[in-house]
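Undergrad:
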Amino acid sequence: MSAILQIEGLVKRFGGLTATDHVTLDVREGEIHALIGPNGAGKSTLINQLCGELVSDEGTIRLAGTDVTQRPETDRIGMGLGRTFQIASLLQESTVRENVGLAVQAHVGHNMRLFDRRMARRDVWTEADAMIAESGLHGRGDTLVSDLSHGEKKQLELIMALAGNPRLLLLDEPMAGLGQFESQRMIEQLGALRGKFSMLLVEHDMDAVYALADRISVLVYGRVIMTGTAEEIRESAEVREAYLGAEEDV
Amino acid sequence: MILVIEQLLNGLQYGVMLFLMAAGLTLIFGIMGVINLAHGALYMVGAFVGTWVATETGSFWLGLPAALVAAMVTGVVVEALVVRRLYARDHLDQVLATFALILIFNQLVVLIFGRQPVFTPMPELFSGSLEILPGLFYPMYRLLIIATGLVVAIGLYLLINRTRVGMLVRAGATNRDMVRALGVDIRLLYTLVFGLGALLAGLAGYMTGPILSVQVGMGEQILLATFVVVVIGGLGSVKGALVAGLGLGIVDTMLRAFLPTLLLHFMEPSDAQAVGVGVSAMGIYLLMAIVLLFRPKGLFPAEG
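Heads up: the protein sequence lines correspond to chains A and F, in order. Quick note on numbering: numbering that gives the first Met the number 0 labels position 194 of the first sequence as 193, and the sequence is numbered without any gaps. Quick note on numbering: numbering that gives the first Met the number 0 labels position 60 of the second sequence as 59, and the sequence is numbered without any gaps.
#1: Between which two residues does the alpha helix (DSSP H) containing F:Val183 stretch?
#2: Leaving aside the five residues before and after F:Gly29 along the sequence, list all residues of the same chain whose C-beta is less than 6 Å from its C-beta, in chain order.
#3: Looking at the secondary structure, which residues open and close the alpha helix (DSSP H) in which F:Ala22 lies?
#4: Beta carbon of F:Glu5, beta carbon of F:Phe59: below 9 Å?
#5: Among all the DSSP beta bridges, which residues are the ones paired with A:Ser252?
#6: Find the nearest neighbour of A:Met198 within the set A:Ser182, A:Ser216, A:Asp122, judged by alpha-carbon distance.
#7: What do you reckon, are the CB atoms on A:Ile35 and A:Met205 nearer than 9 Å?
#8: Between F:Val75 and the rest of its own chain, which residues show a CB-CB distance below 8 Å, the 5 nearest in sequence each way excluded?
#9: With respect to the beta strand (DSSP E) encompassing A:Thr83, which residues constitute its N-terminal and C-terminal limits?
#10: Would you list the residues sitting across from A:Arg61 in a DSSP beta bridge?
#11: State whether the segment 264 to 273 of chain F contacts the segment 281 to 293 of chain F, with contact taken as three or more CB pairs (one from each stretch) at a distance under 8 Å.
#12: Closer than 8 Å by beta-carbon distance: list the chain F residues that pair up with A:Phe13, in chain order.
#13: Could you name the residues that DSSP lists as bridge partners for F:Pro138?
#14: What are the residues in the segment 154 to 180 of chain F lying within 7 Å of chain A by C-beta distance?
#15: Listed in chain order, which residues of the segment 65 to 94 of chain A have Cβ atoms closer than 7 Å to some Cβ of chain F?
#16: Closest Cβ-Cβ distance between F:Ile27 and chain A: below 9 Å?
#17: Just the chain A side, please: which residues come within less than 9 Å of F:Val44 by C-beta, in chain order?
#18: Output the boundary residues of the alpha helix (DSSP H) element that contains F:Thr73.
#19: Could you tell me which residues DSSP pairs with A:Leu170 in its beta bridges?
#20: Kindly indicate which three-state DSSP category A:Asp248 falls into: helix, strand or coil?
#21: Select from A:Gly138, A:Ala229, A:His203 the residue whose C-alpha is nearest the C-alpha of A:Ala40.
#22: What does a CB cutoff of less than 8 Å around A:Val22 pick up in its chain, not counting 5 residues either side in sequence?
#23: Could you tell me how far apart the beta carbons of F:Thr119 and F:Ala37 are, in whole angstroms, since I believe they sit closer than 8 Å?
#24: Could you check what DSSP says for F:Arg294 in three-state terms: helix, strand or coil?
#25: With H, G and I counted as helix, E and B as strand and the rest as coil, what does DSSP make of A:Asp56?
#26: To the nearest angstrom, how far is it from the Cα of F:Val108 to the Cα of A:Gly51?
#27: When you compare only the Cα positions, how much space is there between F:Leu254 and F:Asn9?
#28: Name, please, each residue of chain F whose Cβ falls closer than 7 Å to the Cβ of A:His106.
#29: Okay, do the segment 120 to 134 of chain A and the segment 69 to 89 of chain A touch, 3+ Cβ pairs below 8 Å being the bar?
#30: Output, in chain order, the set of chain F residues within a Cβ distance shorter than 8 Å of A:Ala102.
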C-alpha cells in the first residue's frame with residue numbers, strides 16, 4: 000500500500016524547546032493512523048506543521064509523493080489535505096446549510112471569483128444539501144450552528160472537511176468533549192469512512208483509537224517512540240513506561 | 000422645525016462619511032485583526048490626489064476615479080509591504096507601525112503637495128441648493144454625499160451577501176481559522192479587503208474636499224470618531240458601521256447645534272456655551288460608553 004503522507008525527520012523548535020524532534024511516520028492510502036501521546040507531547044505542533052500553519056525547522060513532508068514542506072497551507076489543502084479542529088471551528092450564527100455551502104464553494108474552481116454562474120451556484124447548494132442528507136444532521140440544514148449540540152457541531156465540522164474531498168484528513172481530537180453516545184456515533188461515522196479517505200487521527204480517547212486505528216504512533220516529548228498495531232502498542236512495555244507510567248494499562 | 004430638519008440632514012451627511020470610513024476599517028479589524036491607524040492617511044491620500052487631478056483638469060468627475068485608484072493602490076501597497084508583517088504581532092506593534100505610517104504619509108503629502116490647505120472644486124451640477132421642503136433649501140452637494148453613502152451601503156450589502164467572495168469575507172470576519180482550513184487564499188482575501196477599505200476611505204476623503212479643506216493631518220481628525228463607530232457597530236459588521244455611523248453623525252451634529260441653546264434655559268449664557276460645547280464634544284464617547292454598558296460587543300458584532 001503506498002503512502003499518502005510521508006514525514007521524515009520533522010523538527011520544530013520554539014527557542015530552547017524542541018516541540019517535535021525528528022518525527023518520522025507515514026499514513027498509507029485508505030489507512031486510519033492514530034497519533035497518541037500525553038499532553039505536551041507535540042501532537043498539535045505536528046498537526047500545525049502538516050497543515051502549513053507552522054514552518055518546520057528541519058525535515059520533509061510529502062503529500063502523495065510531492066514535497067510540500069515549503070508550500071503554503073492553501074497549496075496543501077488544494078492538493079488534498081483536510082482538517083478538523085480540537086474546538087469545532089464554525090460560523091456560529093449561520094445555518095448548517097450555509098456552513099456546508101461555504102465549504103463546498105471554497106473548493107469549487109477559483110474561490111476568489113466575484114460571481115458564480117447561476118448553474119454553478121445551484122450546484123453548490125445541491126451538493127451541500129446532499130452531504131447534509133447523507134449525514135447525521137439530516138433534516139437540520141436550516142438550524143443555526145449555535146443551536147446545535149457539541150456532538151452535532153463536531154459532525155458538521157467533519158462534513159465540511161469532507162466537502163473538499165480530501166485525500167488525507169487530519170482529525171484533531173474529534174472525540175474531545177463528546178459524551179458516550181456521541182463518541183460512539185462519531186466512531187461509527189469515522190469507521191464508515193475507512194478506505195474512502197486516509198486519516199491521521201490525533202486522539203486521547205483510547206477506546207476510539209483502538210476501535211478505529213489500523214496503526215498507532217506514540218509521540219512522547221516530541222519523538223515517535225513506537226509505531227504499530229493496536230495490539231503491539233498495548234503490549235509494549237516501552238509505551239507503558241513512557242506514555243502512562245509502568246503500572247497503568249494503555 | 001426647518002432648522003432641526005436641516006441639522007438632521009447635516010448629521011446624516013456626516014454619518015455617511017463616518018460610515019464610508021468605518022466600513023473599511025471594521026472589515027480590516029474584523030477579518031484581519033489589525034488596528035490600522037493609517038486608515039485616516041488613506042482618506043487623506045484620496046482627497047489630495049483626487050483634488051490635484053480635479054484642479055488640473057477642472058473636472059470634479061475626473062478627480063473621483065483618481066482618488067479611488069490612488070487610495071486603493073496605496074492601501075494594497077501598504078498591506079503588502081507593512082501590514083502583512085503585522086498579522087501575527089500584538090496590537091501594540093500594529094498601533095506603533097501604523098502610527099509611523101501616519102507620520103510618513105503626512106510628510107510625503109507635505110513634500111508633494113505642500114502645507115497649504117486646498118479645496119476641491121465643487122461639481123457644477125451639484126453646486127446649488129434644492130428646496131426639499133417649503134422654505135428649506137439644502138445644498139445639493141451634501142445630498143449627493145448622502146446618496147453616495149446609501150448607494151455604497153447597498154453595493155456593500157450586495158457584495159457581502161450575494162457574491163462568492165462576499166461569503167468568504169463574512170466567514171473571515173467571524174472565523175479566520177475555518178476559512179484558512181477550507182483552503183481559501185487568506186492572503187489574497189486580506190489584500191482584497193484592505194484594498195476595498197482603502198478605496199472607501201479615499202472616496203470619503205475626496206467627497207469631503209468641497210465642504211472641508213483638504214489638508215495634512217485631515218485623516219486623524221475623522222479617525223477617532225471612525226473607531227468609535229466601529230466599536231459601537233460591532234467589530235467586523237458593515238451593518239453595524241452603517242447604523243452606528245448614521246446614528247453617531249446625527250447625535251454629534253444635533254448636540255453641537257442645539258445643546259448650548261438648550262442649556263440657556265438652565266444656566267448663564269457663558270456657562271451654557273462652555274458646558275454645551277464641552278458636552279457636545281464628549282457626546283459620541285458618552286454614547287459609546289452607554290452602548291458598551293448594555294452591548295459589550297457593540298450593536299451587531301460578527302459572531303464567531
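Using N, Cα and C, we set each Cβ at its ideal position, and we do this for glycine too. Just so it is clear, the structure is predicted and the values come from calculations on it, not from any experiment.
TA: Taking the structure as given:
#1: In the second sequence, residue 183 of chain F corresponds to position 184, counting from 1. Counting along the chain, F:Val183 falls outside any alpha helix (DSSP H), and DSSP gives it neither H nor E.
#2: Within the second sequence, residue 29 of chain F is the residue found at index 30, counting from 1. Only Ala172, Leu234, Gly235, Ala301 meet the Cβ criterion.
#3: Here residue 22 of chain F refers to the residue found at position 23 of the second sequence. Looking at the DSSP string, the run of the alpha helix (DSSP H) that includes F:Ala22 is 1 to 26.
#4: Counting from one through the second sequence, the residue named residue 5 of chain F turns up at place 6. Counting from one through the second sequence, the residue named residue 59 of chain F turns up at place 60. The answer is no: Cβ separation not under 9 Å.
#5: Examination of residue 252 of chain A is not possible in this model, given that chain A is present from 0 through 249 alone.
#6: As a position in the first sequence, residue 198 of chain A is number 199, starting the count at 1. Closest option to A:Met198, Cα to Cα, is A:Ser216.
#7: As a working mapping, residue 35 of chain A is identified with position 36 in the first sequence. As a working mapping, residue 205 of chain A is identified with position 206 in the first sequence. Contact: yes.
#8: In the second sequence, the residue the question calls residue 75 of chain F occupies position 76. Hits under 8 Å: Thr190, Phe193, Gly194, Ala197.
#9: Counting from 1 along the first sequence, the entry for residue 83 of chain A is found at position 84. Where A:Thr83 is concerned, the enclosing beta strand (DSSP E) stretches over 80 to 83.
#10: Residue mapping note: residue 61 of chain A aligns to position 62 of the first sequence, counting from 1. A:Arg61 pairs with A:Gln5, A:Asp66.
#11: no
#12: By one-based count along the first sequence, residue 13 of chain A stands at place 14. Those do not exist, as A:Phe13 stays about 14 Å from chain F at its closest Cβ, beyond 8 Å.
#13: Within the second sequence, the letter at position 139 stands for residue 138 of chain F. Paired residue(s): F:Ser128.
#14: Thr162, Arg163, Val164, Met166, Leu167, Ala170, Thr173, Asn174, Asp176, Met177, Arg179, Ala180
#15: Glu72, Thr73, Ile76, Gly77, Arg82, Phe84, Ser88, Leu89, Leu90, Gln91, Glu92
#16: Working through the second sequence from its first residue, we reach residue 27 of chain F at position 28. With 9 Å as the cut-off, F:Ile27 does not count as an interface residue toward chain A.
#17: The count along the second sequence starts at 1 and reaches residue 44 of chain F at position 45. None at all; the shortest Cβ gap to chain A is about 25 Å.
#18: Stepping through the second sequence from its first residue, residue 73 of chain F is reached at position 74. Segment 59 to 80, the alpha helix (DSSP H) holding F:Thr73.
#19: Here residue 170 of chain A refers to the residue found at position 171 when the first sequence is read from its first residue. DSSP, once it has assigned bridges, lists A:Thr83, A:Leu200 as partnering A:Leu170.
#20: To locate residue 248 of chain A, count along the first sequence from 1; it is residue 249. In this prediction, A:Asp248 has a pLDDT of 48, which is less than 50 and means its spatial position is unreliable; nothing more can be read from the coordinates.
#21: Residue 40 of chain A sits at position 41 when you count from the first residue of the first sequence. Ranking A:Gly138, A:Ala229, A:His203 by Cα distance to A:Ala40 puts A:His203 first.
#22: Stepping through the first sequence from its first residue, residue 22 of chain A is reached at position 23. So the list reads Ile6, Gly8, Leu9, Val10, Gly41, Leu45, Gly58, Leu218, Gly221, Arg222, Val223, once near-sequence residues are dropped.
#23: Here residue 119 of chain F refers to the residue found at position 120 of the second sequence. Here residue 37 of chain F refers to the residue found at position 38 of the second sequence. At roughly 22 Å, the Cβ-Cβ gap does not stay under 8 Å, so F:Thr119 and F:Ala37 are not in contact.
#24: Here the question's residue 294 of chain F lines up with position 295 in the second sequence. In this structure, F:Arg294 counts as coil in the three-state DSSP scheme.
#25: Sequence index remark: in the first sequence, residue 56 of chain A carries index 57 (1-based). A:Asp56: coil per DSSP, three-state reduction.
#26: Reading the second sequence from its first residue, position 109 is the one you call residue 108 of chain F. Reading the first sequence from its first residue, position 52 is the one you call residue 51 of chain A. Near 41 Å, if we compare the C-alpha coordinates of A:Gly51 and F:Val108.
#27: Numbered from 1 along the second sequence, position 255 holds the residue referred to as residue 254 of chain F. Numbered from 1 along the second sequence, position 10 holds the residue referred to as residue 9 of chain F. Near 12 Å, if we compare the C-alpha coordinates of F:Asn9 and F:Leu254.
#28: Indexing the first sequence from 1 puts residue 106 of chain A at position 107. Residues of chain F passing the Cβ test: Gly182.
#29: no
#30: Sequence index remark: in the first sequence, residue 102 of chain A carries index 103 (1-based). Simply Leu181.
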